[in-house]
Amino acid sequence: MKILVVNAGSSSLKYQLIDMETEKVLAKGGCERIGIAGSLLKAKGNGGEKLYNVDMPDHKKAIKLVLDALLDNEIGVIKSMNEIDAVGHRVVASGEYFKKTTLVTPEVLKTLEEKTFELAPLHNPSAATGLRACMEVMPGTPMALVFDTSFHATMPEKAYLYGIDYDDYKNYGIRKYGAHGTSHKFVSLEAAKYLGKKPEKLKIVTCHLGNGSSITAVDGGKCIDTSMGFTPLAGVLMGTRSGDIDASAVEFLARKKGLSHADAVTYLNKKCGVAGISGVSSDFRDLVAGEESGNERCALALDMFAYQVKKYVGAYAAAMGGLDCIVFTAGIGENTPTVREDVCEGLEFLGVEFDAKANNAQNDGSIREISKKRSKVKVLIIPTNEELVIARETAELL
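Quick note on our numbering: the sequence shown kicks off at 972 and runs consecutively.
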């Protein structure tokens, strides 16, 4: 079985074709600047790489180019489109309308477009555009929606409800939904496999740390709480997002800066986080370099980030009544040793014995243990693979 995984953005489209017999990536690539001058497709397959400088006025054209690349005489990996058994589409937000991976039908598409766009206005419309393009170019091929929020559907009410009028939750769906669910699911399962234990026997805190960051409590293989909320703005401060902030402070700030409500939300998403604190960058490589050169605000941004992640680790250990493993993943989690060390420092009381030498070893893309062998709580670096989760769930659905 071969599954095509599609992750569509407003002007981009990433893809992977995965052979589910071996879980090997046969081909992958990405379309850039869709609907913008200078659009291109970077495609890899069959041991080669090719650049297509072709005008892509819309996602339909982009999907056609992807299929052309998969069939290409030089880098192609299939002989016919019939070899693609299904397409799995990454969708950020499901609301309470979809609890799990869902096969696309006219009713499902209608619900996606009419009910979920307001929950993720920057992401879900793009996913629907990519979906419609695939449906038009690949009629008859099963399409599946895989939601970032699905893994968090197991949270209990006490974890996902806000302290607002209960009727407002029921009427408007205002609650915690979380994000990065495919990543948290993948690394928690990989952690269990690495430790040689069943997921049902483990209490794990997974730290997906990137430009967008979220921390999740995984108890017995299921999410019981996560740091992101109604939108991905909540939780720890991130690249340009503020993270948790008093709602009254937002209203106060909007008045002082003369911002509308919409502009204030944009400000919190685009102008805050470590970029706002440091005044330098949202890129942690720049922050580390700044700290090393004596920039106090870069150092402060890094300290704040690690401190907030650490607080979630401790809180989730308490919520689960114990802790067996901490997992770091995603761009920052996998590649920034100083952040991992600062998060783990002071967690000895939980049973963490950190191994600084292992932490500073070169990243080789494999699972790495950065706690000492005798450590009661294991600390792991696990490269995430959201595309594989999407392919697995699509194949399982079929």
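Every residue gets a Cβ at the ideal spot worked out from N, C-alpha and C, and that includes glycine.
Going by C-alpha to C-alpha distance, which of the options sits closest to residue i?
| i | options | result |
| --- | --- | --- |
| Arg1353 | Lys1164, Ala1270, Ala1220 | Contrary to the premise, residue 1353 reads as Ile rather than Arg in this sequence. When only C-alpha atoms are compared, the closest one is Lys1164. |
| Ile1049 | Glu1084, Lys1032, Lys999 | Lys999 |
| Thr1177 | Lys1071, Val1310, Met1109, His1155 | His1155 |
| Thr1202 | His1232, Lys1193, Val1236, Ala1225 | Val1236 |
| Met1109 | Ala1033, Glu1367, Gly1261, Gly1149 | Ala1033 |
| Leu1294 | Gly1192, Phe1276, His1232, Gly1336 | Gly1192 |
| Val1259 | Asn1306, Lys995, His1030 | Asn1306 |
| Ala1014 | Gly1101, Tyr986, Asp1026, His1060 | Tyr986 |
| Gly1292 | Thr1082, Leu1230, Ile1175, Asp1026 | Ile1175 |
| Ala1277 | Gly1250, Ala1290, Gly1244, Cys1296 | Gly1244 |
| Gly1018 | Phe1157, Val1025, Leu997, Ala1246 | Leu997 |
| Gly1321 | Ser1342, Ser1337, Ala1233 | Looking at the sequence provided, one finds Leu at residue 1321 rather than Gly. Nearest option by C-alpha distance: Ser1342. |
| Lys1141 | Cys1315, Glu1128, Ala1150, Gly1152 | Glu1128 |
| Ser1184 | Glu1171, Lys1172, Ala1205 | Ala1205 |
| Leu1022 | Ile1046, Ala1290, Val1075, Leu975 | Ile1046 |
| Glu1262 | Thr1309, Phe1223, Gly1285 | Thr1309 |
| Lys975 | Cys1194, Met1114, Gly1229, Thr1355 | This sequence places Leu at residue 975; Lys is not what is there. For Leu975, the nearest C-alpha among the options comes from Met1114. |
| Ala1332 | Arg1311, Glu1316, Arg1212 | Arg1311 |
| Ile1361 | Gly1001, Leu1074, His1030, Glu1020 | Leu1074 |
| Gly1111 | Glu1316, Thr1076, Gly1200, Cys1315 | Thr1076 |
| Ala939 | Leu988, Ile1297, Tyr1131 | This structure leaves residue 939 out entirely; the chain is present only between 972 and 1369. |
List the whole-angstrom C-beta distance separating residue i from residue j, where the pair is believed to meet the contact cut-off of C-beta under 8 Å.
| i | j | result |
| --- | --- | --- |
| Val1207 | Ser1198 | 6 Å |
| Glu1364 | Gly1059 | 7 Å |
| Ala1162 | Leu1318 | Rounded, the Cβ-Cβ distance is 17 Å, inconsistent with contact. |
| Thr1300 | Val1158 | 5 Å |
| Ala1378 | Ile1248 | Here the chain comprises residues numbered 972 to 1369, so residue 1378 is not present and cannot be evaluated. |
| Leu1290 | Asp1215 | Rather than Leu, the amino acid found at residue 1290 in this sequence is Ala. In fact, because the Cβ distance is near 16 Å, the residues do not count as touching under 8 Å. |
| Ile1186 | Val1079 | Not really, about 31 Å apart at Cβ, beyond 8 Å. |
Could you please give me the residues that DSSP links to residue i through a beta bridge?
| i | result |
| --- | --- |
| Arg1061 | Val1117 |
| Ile974 | Ile989, Ala1057 |
| Lys999 | Gln987, Lys1015 |
| Ala979 | Leu984 |
| His1179 | Ser1185, Thr1300 |
| Val1245 | Answer is none; Val1245 lacks a bridge partner. |
| Asp1335 | Its beta-bridge partners do not exist; DSSP assigns none. |
| Lys1352 | Contrary to the premise, residue 1352 reads as Ile rather than Lys in this sequence. For Ile1352, which the question treats as bridged, DSSP gives the partners Phe1299, Arg1339. |
| Tyr1023 | Leu1012 |
| Cys1194 | Val1189 |
| Phe1325 | Ser1342 |
| Lys1174 | Asp1190 |
| Thr1073 | Leu1116 |
task: At 4 residues or longer, and completely inside the region 1263–1297: list those alpha helix (DSSP H) runs for me, N to C.
output: 1267–1291
query: Between the region 1345–1360 and the region 1037–1051, do at least 3 Cβ pairs fall closer than 8 Å?
result: no
Segment contact flag, the region 1114–1131 with the region 1166–1175, C-beta cutoff 8 Å, min 3 pairs: no
message: When you compare the region 1246–1266 with the region 1145–1152, are there three or more beta-carbon pairs, one atom per stretch, that lie closer than 8 Å?
response: no
query: On the three-pair Cβ rule with 8 Å, is the region 1087–1098 touching the region 1063–1071?
result: yes
query: What are the uninterrupted segments assigned as alpha helix (DSSP H) that are 4 or more residues long and contained completely in the region 1199–1234, given in chain order?
result: Runs of the alpha helix (DSSP H) inside the region 1199–1234: 1218–1228.
query: Within the chosen definition, does the region 974–985 reach the region 1093–1105 through at least 3 CB pairs nearer than 8 Å?
result: Counting Cβ pairs under 8 Å, three or more are found: they touch.
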